[in-house]
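>
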Amino acid sequence: MEFVFLKKDEDETKKRREGKRKLMVIRKKKKSVIIFIIGLISVFFLANHSLADVKKDIKVDLESKVIQDLSPEGLTLTFYLKIINSSSKDYYLASYDYRFIVQQAEYLKMSTSLEDLIKVPARQEIFIAWPVKVTYQHLFDTIPSLENELKAVCYLSGRLGLANRKGKLKGQVPVAFSGEFPLFKKPKARISKFKINQISIGGADIDFRVLFINENGFELLVDRIKYKILIGGHKIGEGEISGDKNLPPQGEKEFHLPLLLNFFELGREVAGFFQLAEVNCRFSAEVEIRTVWGRMTLPYNLESKVAIEK
C-alpha cells in the first residue's frame, strides 16, 4: 500500500511539472507572437512615417501647359511641373503612373519606371516636362461624341515615385491637373471660280479662285500658298503667293490666284479647253498655316469639273 501511495504521489508530481512546462511554452509562444506583432506595427509605422515624410518633403506645382505638334492627326499636351524638395536630404524621381481623362472617359493609362533616376537635390527645385500624346482618331474611337466638338476638357491624375540614391522607393506623391485642348480639323477647300476675264488668239487672262473653309474654333493665318493648276491634264499655272488673309473661326475666305496664259507656249489643245462650258481642273498645293500654337504645312489635291465663266 505504501508503494502504491508513493507511486500515485510521483504521478501527481510529474503531472504538475508537465503542466508547468506547457505553461512556460505557452507563455514563450505568446511572448513571441507579441514581439512579432510589435515588429509588424513598427514596420508599418516606419513605412507610413516614411511615406508621410515624402509627402511632407516634396511639393509638386504646375508651372504651365503647352500644346505642341498640332496637326490634323493630333497634338501633344505637355504639363511642365516644378518639383520642390524642402528637406535636408536628396530624393530621386524613380517612377510615375497616371490616368488621362477626357470628357470624363479614360483615354490613356500608363505606368513607367525610369531607367535613369532624376535627382531632386535637398532644398532645391527641378523642372520636368510631362508630355501626353493625343491622337484624334484614337480619341474619336474612344469618345465618338467629341468628333463634332471644337475642344475637349481633360484631367490628368497620377503619382510620382520618389526613391533614395540606391533606387529604393521611399514614397509616392499624388498629382492632379486639369486642362483643355483644341480638336483641330484641316480646313476644307474647293475650286470656287474659273472665269475668263479676257481671251485672244495668243492667250487669256483667267480669274482662278479657291475657297478655304475653317471649321475650327480659332483663327488660322495663311502665310504662303505654293500651288499648281492643271486643266485636262495640262499644267496652266504654277507659283507661290503670300497668304495675306486670315481664316476666321468657323468662317471662310476666298483666295485669288491670277493666271496670264500664253497659248503659244501652252499649245493649241489647251486653248481649245476655253471654248468648253466646263473643264476638268486639278489644283494641288502646300498651304503654310500659322496658329497660336505654332505652324504647319497642309497638302491639298483638289480635282473636279469646273464651270468656265465667260
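In this text, residue positions in the sequence shown follow this note's numbering: the first is 170, and each later residue adds one. The beta carbon of each residue, even a glycine, is placed where N, CA and C say it ideally should be.
1) Kindly list the residues whose CB is nearer than 7 angstroms to the CB of residue 275, restricted to its own chain and excluding five residues on each side of it in sequence; keep chain order.
2) Taking 9 angstroms as the cut-off, decide whether the C-beta atoms of residue 343 and residue 326 are in contact.
3) Please state whether DSSP places residue 308 in a helix, a strand or coil.
4) Ignoring anything shorter than 3 residues, give me the beta strand (DSSP E) runs that lie fully in the segment 264-328, in order along the chain.
5) Residue 340 bridges to which residues according to DSSP?
6) For a test of the three-state rule: what should DSSP assign to residue 471, helix, strand or coil?
7) DSSP three-state label for residue 217, please.
8) Taking residue 441 as part of the alpha helix (DSSP H), name the residues at either end of that continuous run.
9) At what residues does the beta strand (DSSP E) containing residue 386 begin and finish?
10) State yes or no: is the C-beta of residue 377 within less than 9 angstroms of the C-beta of residue 425?
11) What are the partner residues of residue 254, as DSSP defines its beta bridges?
12) Tell me the DSSP secondary structure of residue 242 in three-state form.
13) When the distance is taken between beta carbons, is residue 371 closer than 9 angstroms to residue 403?
14) Between which two residues does the beta strand (DSSP E) containing residue 408 stretch?
15) Quick check on residue 456: buried or exposed, where buried means 16 or more other Cβ atoms within 10 Å of its Cβ?
16) Could you give the first and the last residue of the continuous beta strand (DSSP E) run that contains residue 427?
17) Beta-carbon within less than 8 angstroms of residue 392's beta-carbon, same chain only, minus the 5 sequence neighbours each way: which residues are those?
18) Under three-state DSSP, which class holds residue 222?
19) Beta-carbon within less than 8 angstroms of residue 219's beta-carbon, same chain only, minus the 5 sequence neighbours each way: which residues are those?
20) Can you tell me whether residue 429 is buried or exposed, with buried defined as 16 or more other CB within 10 angstroms of its CB?
21) Among residues of its own chain, excluding the 5 on either side of residue 397, which ones have a beta-carbon nearer than 6 angstroms to its beta-carbon?
22) Going by DSSP, what residues sit across from residue 364 in a beta bridge?
23) Looking at the secondary structure, which residues open and close the beta strand (DSSP E) in which residue 456 lies?
24) Whose C-beta lies closer than 7 angstroms to the C-beta of residue 380 among residues of the same chain, with five residues either side of it excluded?
25) Between 441, 287, 382, which has its C-alpha nearest residue 368's C-alpha?
26) Between the Cα of residue 382 and those of 451, 395, 405, 354, spot the shortest distance and give me the residue it belongs to.
27) Should residue 373 go down as buried or exposed, given a rule of 16 or more other Cβ atoms within 10 Å for buried?
28) Flag this pair as touching only if the segment 251-261 and the segment 289-297 have three or more C-beta atom pairs under 8 angstroms; answer yes or no.
29) Apart from the five residues just before and just after residue 364, which ones in its own chain have a Cβ nearer than 6 angstroms to its Cβ?
30) To the nearest angstrom, report how far apart residue 318 and residue 439 are at their CA atoms.
On the basis of the data shown:
1) The residue you call residue 275 lines up with position 106 of the sequence shown. The residues are 268.
2) Here residue 343 refers to the residue found at position 174 of the sequence shown. Here residue 326 refers to the residue found at position 157 of the sequence shown. Yes, the Cβ-Cβ distance between residue 343 and residue 326 is below 9 angstroms.
3) In the sequence shown, the residue the question calls residue 308 occupies position 139. In this structure, residue 308 counts as helix in the three-state DSSP scheme.
4) 274-289, 293-304
5) Sequence index remark: in the sequence shown, residue 340 carries index 171 (1-based). Note: residue 340 sits in a beta bridge opposite 331.
6) Stepping through the sequence shown from its first residue, residue 471 is reached at position 302. Three-state result, residue 471: strand.
7) As a first step, residue 217 is located in the sequence shown; it is residue number 48 there, counting from the start. Its pLDDT being 46, under 50, residue 217 is placed unreliably in this model, and the coordinates cannot settle the point.
8) Residue numbering aside, residue 441 sits at position 272 when the sequence shown is read from its first letter. 437-442 is the extent of the alpha helix (DSSP H) around residue 441.
9) Against the sequence shown, residue 386 aligns to sequence position 217. Counting along the chain, residue 386 falls outside any beta strand (DSSP E), and DSSP gives it neither H nor E.
10) Residue numbering aside, residue 377 sits at position 208 when the sequence shown is read from its first letter. Residue numbering aside, residue 425 sits at position 256 when the sequence shown is read from its first letter. Going by C-beta atoms, residue 377 is nearer than 9 angstroms to residue 425.
11) Walking along the sequence shown from the start, residue 254 turns up at place 85. When beta bridges are read from the DSSP output, residue 254 appears opposite 227, 293.
12) Along the sequence shown, read from residue 1 onward, the residue named residue 242 stands at position 73. In the structure shown, residue 242 adopts coil according to DSSP, grouped into three states.
13) If you number the sequence shown from 1, residue 403 lands on position 234. If you number the sequence shown from 1, residue 371 lands on position 202. It is not a contact, given that the beta carbons lie outside the stated cut-off.
14) Along the sequence shown, read from residue 1 onward, the residue named residue 408 stands at position 239. 403-411 is the extent of the beta strand (DSSP E) around residue 408.
15) What you label residue 456 is simply residue 287 of the sequence shown in a count that begins at 1. Residue 456 is classed as buried because its beta carbon has at least 16 other beta carbons within 10 Å across all chains shown.
16) Along the sequence shown, read from residue 1 onward, the residue named residue 427 stands at position 258. Residue 427 -> beta strand (DSSP E) spans 421-431.
17) As a first step, residue 392 is located in the sequence shown; it is residue number 223 there, counting from the start. Here the set comprises 411, 412, 457, 458, 459, 464.
18) Indexing the sequence shown from 1 puts residue 222 at position 53. It is helical.
19) Stepping through the sequence shown from its first residue, residue 219 is reached at position 50. With a pLDDT of 46 at residue 219, under the threshold of 50, the modelled position of this residue cannot be trusted; read the value that follows with caution. Cβ within range, chain order: 339, 340.
20) Counting from 1 along the sequence shown, the entry for residue 429 is found at position 260. Exposed, since its Cβ has fewer than 16 Cβ neighbours within 10 Å.
21) To locate residue 397, count along the sequence shown from 1; it is residue 228. Contacts found: 407, 453.
22) Numbered from its first residue, the sequence shown carries residue 364 at position 195. For residue 364, which the question treats as bridged, DSSP gives the partners 376, 478.
23) Reading the sequence shown from its first residue, position 287 is the one you call residue 456. Residue 456 -> beta strand (DSSP E) spans 447-460.
24) What you label residue 380 is simply residue 211 of the sequence shown in a count that begins at 1. Excluding positions up to five away in sequence, the list reads 358, 359, 361, 421, 423.
25) For the purposes of this step, residue 368 is taken as the residue at position 199 of the sequence shown. Checked all of 441, 287, 382; the closest Cα to residue 368 is 441.
26) Sequence index remark: in the sequence shown, residue 382 carries index 213 (1-based). For residue 382, the nearest C-alpha among the options comes from 354.
27) Against the sequence shown, residue 373 aligns to sequence position 204. Looking at its Cβ environment, which holds 16 or more other Cβ atoms inside 10 Å, residue 373 is buried.
28) The segment 251-261 makes contact with the segment 289-297: 3 or more CB pairs, one atom from each, lie closer than 8 angstroms.
29) Position 195 of the sequence shown holds residue 364. The beta carbon of residue 364 sits closer than 6 angstroms to the beta carbons of 376, 478 from its chain, once the five residues preceding and following it are set aside; these are given in chain order.
30) Numbered from its first residue, the sequence shown carries residue 318 at position 149. Numbered from its first residue, the sequence shown carries residue 439 at position 270. Straight-line measurement puts the Cα of residue 439 at about 45 angstroms from the Cα of residue 318.
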